[in-house]
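> So for the sequence shown, the numbering used here puts the first residue at 881; every next one is plus one.
Positions of the beta carbon are idealized from the N, C-alpha and C atoms, including for glycine.
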Amino acid sequence: MNAPRPETPKPEPASAPTLASPVTCVWGVGSERAALLARLDIHTVGDLLLHRPRRYEDRRNFQPIRELKEGEPATVRGKVVAMGTNRFKSGKFVFELIVDDGSSRLHCRWWNLGFMERLFAVGDDVLVFGKPHLLRPRTVDHPETEKVLTDDEEQVHLNRIVPVYPATEGLSQRVLRGLTWRALQAHAAEFADPHPDLDLAAIRIHPTDDARGKQLVLEARPLLPRAEAVRALHFPAELTDADRARQRLAFDEFIGLQFEIQQRRLNFERSLRALPCTGDNRLMKPFLAELGFSLTGAQQRVLREIRTDFGGKVPMRRLLQGDVGSGKTLVAACAALMTLESGFDVAVMAPTEILAEQLARNFRKWFEPLGIAVRLWTGSRKDAADDELPISGRVLVPSTIHAPPSTSVSVTVGTHALIEAGFKPDRLGLAIIDEQHKFGVAQREKLVRKGRRDDTAPHLLVMTATPIPRTLGLTLYGDLDVSVLDELPAGRGRIRTHVRAPDALPKVWAFVRGELEKGRQAYVVYPRVEESEDDVKAVTVEFQKICRELAPHRGGLLHGRRPSEEKEAVMDSFRCGDIRILVATSVIEVGVDVPNATIMLIENAEQFGLAQLHQLRGRIGRGAHDSHCILVAEQKTDEARERLEVMARTNDGFELAEADLRQRGPGELTGRNQSGLPDFRFGDLVKDRQLVEAAREVVRKHLRSR
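(1) Between Val1472 and Pro902, what straight-line distance do the alpha-carbon atoms span, to the nearest angstrom?
(2) Within a Cβ cutoff of 6 Å, which residues of the same chain sit near Ser1434, ignoring the five residues on either side of it in sequence?
(3) Can we say the segment 1097-1108 touches the segment 1122-1129, given the rule of at least three CB pairs closer than 8 Å?
(4) Cβ of Val1566 within 7 Å of Cβ of Arg1542?
(5) Please report the distance separating the alpha-carbon of Asp1309 from that of Asp1225.
(6) Take every Cβ of the segment 1188-1202, pair it with every Cβ of the segment 1335-1346, and state whether three or more of those distances are shorter than 8 Å.
(7) So if DSSP puts His1378 in a beta bridge, which residue, or which two residues, is it bridged to?
(8) Per DSSP, which residues does Ile1312 bridge with? Please list them.
(9) Please state whether DSSP places Val1405 in a helix, a strand or coil.
(10) Is it the case that the Cβ atoms of Val1204 and Gly958 are separated by a distance below 7 Å?
(11) Please classify Met1451: does DSSP put it in a helix, a strand, or coil?
(12) How many Å lie between Ser1260 and Pro1338 at the Cα?
(13) Among residues of its own chain, excluding the 5 on either side of Ser983, which ones have a beta-carbon nearer than 8 Å to its beta-carbon?
(14) Rounded C-beta distance between Leu977 and Val960? I'm assuming under 8 Å.
(15) DSSP puts Lys1027 in a beta bridge; with which residues?
(16) Are at least three pairs of beta-carbons, each pair with one atom in the segment 1183-1194 and one in the segment 1231-1240, less than 8 Å apart?
(17) What do you get for Gln1053, buried or exposed, if any count of 16 or more other CB atoms within 10 angstroms of its CB means buried?
(18) In its own chain, which residues sit with a C-beta less than 8 Å from the C-beta of Asp938, not counting the 5 before and 5 after it?
(19) Measure the alpha-carbon distance for Asp1306 versus Val1254 and round it to whole angstroms.
(20) Rounded to whole angstroms, what's the CA-CA distance from Leu1239 to Val1467? Just pull it up for me.
(21) Note down the Cα distance separating Ile1271 from Leu1220, rounded to an integer number of angstroms.
(22) On the DSSP bridge list, what partners appear for His987?
(23) Alpha carbon to alpha carbon, how far is Ile1482 from Leu1327? Give it in angstroms, no decimals.
(24) Are the CB atoms of Phe1560 and Glu1133 nearer to each other than 7 Å?
(25) Helix, strand or coil for Leu1437, going by three-state DSSP, please let me know.
(26) Buried or exposed: where does Arg1584 fall if 16 or more other Cβ atoms within 10 Å of its Cβ makes it buried?
(27) Quick check: Val1587 and Val979, are their CB atoms within less than 7 Å of each other?
(28) Quickly, what does DSSP pair Thr955 with across the bridge? List them, please.
(29) Who are the near neighbours of Ile1500 in its chain, counting only those whose CB is closer than 8 Å to its CB and skipping five residues on each side?
(30) Quick check on the DSSP output: the alpha helix (DSSP H) that includes Pro1386 runs from which residue to which?
(31) Who are the Cβ neighbours of Arg934 in its own chain at under 7 Å, not counting the five residues just before and after it?
(32) Output the boundary residues of the beta strand (DSSP E) element that contains Gln1201.
(33) Check whether the Cβ atoms of His1067 and Val925 sit closer than 7 Å, and answer yes or no.
(34) Around the Cβ of Pro884, are there at least 16 other Cβ atoms within 10 angstroms (buried) or fewer (exposed)?
(35) DSSP three-state call for Thr1120: helix, strand or coil?
(36) Can the beta-carbon of Val1572 be found closer than 7 Å to that of Gln1142?
Now the structure itself:
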C-alpha cells in the first residue's frame, strides 16, 4: 500500500488592507500617484480618508451665469465655446476660456500659465468656481475648473455636495475625489471610536458655521459616531453635516490632547508632595502696613487661592492672568513673603534684563526694610551670594522641613540665566515666572526641577499681562489652575487711544510738547533699530530728529543692542525725570513702570501685533494723570485697519486677546515650538471653545473616577 501523500500546504491568505496600509492599496493609486499624494502628506489609506476638504461645492443647483454678482464666489456649469491666448509686447500673456450656460457667457482668464490651453477643448462640459471681478463682460481670473465626464463615477462629482481638497500639481480634484470615494466604500467602517470607554452620550454640540463661513443658529446635536463622521466629512448630505463631521473629528483630537494634559497633572499630584509655605504673617503684616494703599478685592481673592495652594498636599501650579497694571507683581511679592516666612527661598524669572532689573528694584524696595536679601542673576550680572552679603542683608526665620534651625532666606530675580547650571538654590520653595508666554513649557519645568528634593517640589506661579483666550488657556495651560486679576487699582488716570495718519505728525508733536510742558514724560517707540530699504522707521535714525523737535526737553535712546550698563543708566535717568522722552524699540514693552509718563507714541504702529501694542500702551496710565496712546500708522491692509480699530475701541486685554486669536490664529500667536501645541487637522482653537471644554470635562471625570 502506498503511503498517503502529504497535503500540500495552502498559502496563507494575504492580509486585507487596513487604514494603516500604504495608499497604493486603494484601487487607482499606482506609484506615480502615490508620489503625488505624498506631497500632501498622504501615505496610508487612513491619511487619505482624513485629508480634510478645504471647502465644499453644492452641485445640486448651479448658479446661472447671468445671476453672478461682482465679488461673490459661485459655481457655474457650461460649455466651452471659445478659447485662446493673447500675448503682449511686455512678454506677458493670458489664456482665456469662454463658457456659455445658455443664460450668459463667462470669461475665465489665466495669466502667464501657458499649460492651461492644453487642458481644454471647445465643446468641453466644465464646472467653474470663482469670484467675478467684472460684469461687462462677466469675468473671473484664475478660477478653479473641472471637466464633467460621463463615466461610472459621475454620481461622485455631480448632483450632490462635493468636497474640494488641498491638492497638488498633477493630481486633479476629480482624481482625488474619486480615490477618496473608493477608499470610503472599502474602509470607512474601520474608523472605530478611539476611546470607547468614555461616556459621550450626553454631549451636545452646537454647530459652528457652514461651509460658506456663515454662523448657524441651530439646536445642539449629539456627536456623530466616528465612522459616520468620516463619511460625512467627504460627502455630506447637507452642509451642516460637514460641520458636524469636522466637529466630531476635532473632538477626538482635543480628547487626545486632554488625556495628555490631565494625565500629566494627575501623575504630578500623585507623585509629589508640597512644601508647607503658608507662612505666619510676621513679614506680611509690616509689608502691607507700609504699602500706603489697600490691595484690590481681586488681589485679595487671588492671595487666598495661593495661600490655600501653599497649605495643600501637592505643589501649587497656578497661572495668574491680569491686565497691564492690575498689580500682578504685588501679588507675587506677597506669595514670596509667605514662602520666605516658611523658611524657603524664592526665584523669579523674567524674559529680559530690563524686566528682571525692574522686578529686582521693586522687590528690594519692598523687602530690604524687612531684612530680606534680593539678588539679581542675569547673563551679564550675578549679585553676591548670601554668604558674601553683610549680616544686615539677611533675615533669620524659624525652621520647617528641609530648613536648618536658623538660616537665611533670599529672593533671586533673573533671566534665562536661572535655568543654567550656575544657579543652584539650596531650598527653593517658590518659582515665579513673569511674562510666561515668552518662555516654553520645558524652560518652566527646568527651573522648577532645581528645587526638587526627594518627593517634594517647589510651588510654581506663572504670570502674564497678555491675557490668554479661554480656548488657549484650556490647552496651552491646561495643567495649571487659573487666577484672574480683573480689577485695576484705584486712583489711576484714564487712557485714551488715538489712531493718526503720518501726515498728522506735526499736530501730534505739538500735543506731545504740551504734555511735556505740564511736567509729564513720554515714550516714542519705533519698530526697527537700524534703517532698512523699506519705509519703516528706525529708532537710531529718528532719535536726533525727536531731540530737535522737542528741545529743550531731554531725550534718551534705548534698544536691545545697547550694552546693559548703558540701558540701565538710561532707564534710571528716565525714572528720576532727568530724561523726559524715552525713544525706544519694543524692548520697553514689559517691565517699565514710570507713573509720570502719560504719552505713548508709536510710529509705524501697523508693524506691531495687538498683544505688543497693548503691552506698550500698558507703560502709561500708571499714575493719577490721564494718558494718551497715539498710534501713527499707514492703514494699507484690512488686517492693519482692524487691529488699530480694536486698539482704539477698548483697553480690555481679554477682548484684545480674543481679537488677536481671530486675526493671527493659535499657531502664530503661541509659537508651536514654544507652546508644545500639536498641529490640529480638524480642531480650530478660534471657534471650538465648547469642544475643548467638553473634552476637558469628559477626560477629567474619566481619569479621576479610576
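On the basis of the coordinates in this document:
(1) Each residue's alpha carbon lies about 57 Å from the other.
(2) The question names Ser, yet the displayed sequence has Arg at residue 1434. Result list for Arg1434: Ile1459, Arg1460, in chain order.
(3) yes
(4) Against a cut-off of 7 Å, the Cβ pair of Arg1542 and Val1566 comes out as a contact.
(5) It should be noted that the sequence gives Gly, not Asp, for residue 1309. Roughly 6 Å between the two C-alpha positions.
(6) yes
(7) Ile1510
(8) Paired residue(s): Val1228, Leu1341.
(9) strand
(10) no
(11) In the displayed model, Met1451 falls within a helix according to three-state DSSP.
(12) 27 Å
(13) These residues qualify, in order along the chain: Pro944, Ile945, Arg946, Glu947.
(14) 6 Å
(15) DSSP output for Lys1027 lists Val1006 as bridge partner(s).
(16) no
(17) buried
(18) The beta carbon of Asp938 lies closer than 8 Å to those of Thr955, Ile1041, Leu1119 in the same chain, with the five residues before and after it left out.
(19) 15 Å
(20) 15 Å
(21) Residue placement at Ile1271 cannot be trusted, given a pLDDT of 28 that sits under 50; what the coordinates show is reported in the next sentence. Approximately 17 Å between the Cα atoms of the pair.
(22) His987 has Ile978, Thr1019 as its beta-bridge partners, per DSSP.
(23) Leu1327 and Ile1482: Cα-Cα distance of roughly 35 Å.
(24) yes
(25) strand
(26) Classification for Arg1584: exposed.
(27) Residue numbering for the chain in the displayed model covers 881 to 1586; residue 1587 lies beyond these limits and cannot be assessed.
(28) Phe1009
(29) Ile1375, Tyr1403, Ala1477, Thr1478, Ile1479, Met1480, Ser1507, His1508, Cys1509
(30) 1385-1397
(31) Val1044, Tyr1045, Pro1046
(32) For Gln1201, the enclosing beta strand (DSSP E) begins and ends at 1197-1202.
(33) yes
(34) With a pLDDT of 46 at Pro884, under the threshold of 50, the modelled position of this residue cannot be trusted; read the value that follows with caution. Classification for Pro884: exposed.
(35) helix
(36) no
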